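As numbered in the working numbering, residues 2 to 418 make up the sequence shown, in order. No residue lacks a Cβ here, since even glycine has one placed at the ideal position from N, Cα and C. Keep in mind that this is a model prediction, so the values were computed, not measured. Some notes on the structure that comes next.
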Amino acid sequence: MNRQVQGTNAPSLFRNRFLQTILLSSVLLQIGIWVRNFAILLYVAETTNNDPYAISLISVAEFAPIFVFSFIGGTFADRWRPKRTMIWCDVLSAVSVFAVLLTIHYGSWHSVYLVAFISAILSQFSQPSSMRLFKYHVAEEQLQQGMALFQSLMAIFMVLGPMLGTFVYSTFGLEISIAVMGIVFLLSALVLVRLPEDQMQTQTAAVKGQFRKEFVEGFRYVWQSQVLRMLGLAFILAGLSVGVAQALNLFIVTEQLGRSKEFLQYLLMVNGAAMLIGGGIVATFAKKVPPQILLAIGMVAGAVCTAIVGYSTSVPVTLTVQFLNGLVFPCIHIGISTMILKWSKASIVGRVNGVLNPMFVGMMVISMSFAGALKDTFSLSTIYSGAGFLFLIGALAMIPIMNHKAPDKLPQVAQEV
C-alpha cells in the first residue's frame, strides 16, 4: 500500500481531513465514555456501599474483553476496510448500549457491567483500524505530533470528563447517563462517514481463509524486532502497575485523604489539566526526542509519583503530585503510539497493536482482579509503592533500545489488503 501522504509535501496537520474527522469522532466518544464511567462508578459505589470487589469489577468488565479480543480485532483490522469497520463498530456499540439499557430498566442492576463489557469488545476492532488509517493518512514526520494532539484531547477530557460525568449522573440518574453514551456513538458513526474513502482493496479469494497465518505473523513480527519486544515488556510492567492504582484510586480519596468519593473527580481534573499542558510541551519538541526516551521519562516520573500518592495523607501534596504526574504522562502515551507506528509496516499495524495492547491490558486486568484482595492484605502505601517499583523496572527496560532509530525500510509482511 502506498502512503497517501508523502513526507516531502505533507499538508498541515490541522488541514488533514482524516485527522479533523477522527478528532471530532473522538470528542463525541470521550463524552459518552466519561459519562458512562462515572455513572457506573458512582452507581455501583452507592448500591454496594463502596464494596472494593464490586468497584474493581467495573474495571475488569471494561478491560478483560480487550485482552481476549485485541489479538483477533487487530488481525481483522488488517483484513477489513478500516473506515467501514469503524462506522459499524460505533453503530453496533450504540445498539448494544440501548439493548443493555432495557435490561437495566427491567432487570438487575448488575447489567451495568455489560455496558462497558460490550463496548470494550467492539473497540478492539475499531481502534486498530484507526491506527491503520493514521499510518496511511499522516506523514511519517508528523506521526509524533499527531499523537500529541490525541494526547491533548484525552487531557481535555481528563479535566472536563469527571465534571460532566458527575453532573449528568447526579442530575439525570443512571439510565439517562447510559442513553447519552448510545446517542454519542451514533453521532460518531455519522461523523466517520466523512472519512476519506478506503483505498485498500478487499482480499482476493486466494488470501481469504489465511486468518491463522496472519494472526501468527503479528506475533512473529513483534518478536523479531528488539524495540517491539522491549516495548512489550514495558507494557506488561506498566499494566500491572496501572491496574492496581486505577482500581484503588477511590480508596486513596476516601481513606488516605478522608474525603467523599465525589472528590475523585478533582484528582482526575488536576491530572487532566497537567496532561493538557504536558501534551502541548511534548508536541513542541516531539521531533527532537526519540520516542523510547519519551517513554522512559514518563515511566520514571510515574514510578515516583505513584509511590508518593500511596503515602500522602495531605490533599495539597496529593494534588501537586497528581499534577506533576499528569505533566509527564503524555510522554508515555506519545512514546508508545509513535514506536508502534514507526517500527511497524502499514499492513501490519493492526496486528502489532493487537499483540502489544493485550500485554498491557491483560496485566492490568489481572492486577485489577487482585486489587480487592491486595487491599484486604496490605496497606495502600505498600501497594502503591509496589506499583511504582514496577514502573521503574519498565523504564529500565528501555535502556537496551535507547539509541535505536526507526528503520527506513520496514520488514515485509503478508500481502496488503
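When you compare the CB positions of residue 167 and residue 247, do they come within less than 7 Å of one another, or not? no
In angstroms with no decimal places, state the Cα-to-Cα distance between residue 134 and residue 50. 44 Å
Proximity of residue 64 and residue 122 at Cβ, strictly below 7 Å: No Cβ-Cβ contact shorter than 7 Å links residue 64 with residue 122.
Which of the three DSSP states, helix, strand or coil, is assigned to residue 197? When DSSP states are grouped into helix, strand and coil, residue 197 belongs to the coil group.
Taking all protein chains shown into account, decide if residue 207 is buried (16 or more other Cβ within 10 angstroms of its Cβ) or exposed. Legend: pLDDT at residue 207 = 41, less than 50; position of this residue unreliable, no value from coordinates given.
Measuring only from the beta carbon, is residue 123 closer than 6 Å to any heavy atom that is part of the ligand GDP? With respect to the ligand GDP, the structure offers nothing, as it holds no ligand at all.
Quick check on residue 109: does DSSP put it in helix, strand or coil? Of the three classes helix, strand and coil, the one that applies to residue 109 here is coil, per DSSP.
Rounded Cβ spacing between residue 375 and residue 367 (contact assumed at less than 8 Å): 11 Å between Cβ atoms; not a contact.
For residue 406, is the classification buried or exposed, using 16 other Cβ atoms within 10 angstroms of its Cβ as the cut-off for buried? exposed
Under the assumption that residue 127 contacts residue 90 (Cβ atoms under 8 Å), give the Cβ distance between them as a whole number of angstroms. Indeed they touch by this definition, with Cβ atoms about 4 Å apart.
Please list the terminal residues of the continuous alpha helix (DSSP H) segment that includes residue 296. 292-312
Residue 26 and residue 194: beta carbons closer than 7 Å? no
Could you compute how far the alpha carbon of residue 131 sits from the alpha carbon of residue 290? 25 Å
Which term fits residue 181, buried or exposed, when burial requires 16 or more other beta carbons within 10 angstroms of its beta carbon? buried
For a test of the three-state rule: what should DSSP assign to residue 403, helix, strand or coil? coil
For residue 211, the three-state DSSP class (helix, strand or coil): Residue 211 falls in the coil class under three-state DSSP.
Quick check on the DSSP output: what are the complete alpha helix (DSSP H) runs of length 4 or more inside the region 348-408, in order along the chain? Restricting attention to alpha helix (DSSP H) runs no shorter than 4 residues, the region 348-408 encloses them at 350-378 and 381-397, ordered along the chain.
Going by alpha carbons, who is nearest to residue 82 out of 198, 97 and 34? 198
Between the Cα of residue 225 and those of 94, 52 and 344, spot the shortest distance and give me the residue it belongs to. 344
Quick test of your reading: residue 271 and residue 388, contact by CB under 8 Å. State the CB separation rounded to the nearest angstrom. Not confirmed; about 19 Å, so no contact.
Under a Cβ-count criterion, where at least 16 other Cβ atoms within 10 Å of its own Cβ denotes burial, should residue 429 be classed as buried or exposed? Nothing can be reported for residue 429: it is not among the residues displayed for the chain, which extend from 2 to 418.
Quick check: the Cα distance between residue 322 and residue 85, rounded to an integer number of angstroms? Distance between the alpha carbons of residue 322 and residue 85 is about 42 Å.
Meets three-Cβ-pair contact criterion under 8 Å: the region 346-356 and the region 327-334: no
Assign residue 119 to buried or exposed, taking buried as 16 or more other Cβ atoms, counted over all protein chains shown, within 10 Å of its Cβ. buried
List the endpoints of the continuous alpha helix (DSSP H) containing residue 33. Counting along the chain, the unbroken alpha helix (DSSP H) around residue 33 starts and ends at 18-49.
Return the chain-ordered list of same chain residues with a C-beta closer than 6 Å to the C-beta of residue 340, the five sequence neighbours on each side being excluded. 232 and 292
Measuring only the C-alpha atoms, how far is residue 278 from residue 157? Looking at the two C-alpha atoms, the distance is approximately 10 Å.
Tell me the DSSP secondary structure of residue 240 in three-state form. Under the three-state reduction of DSSP, residue 240 is assigned to helix.
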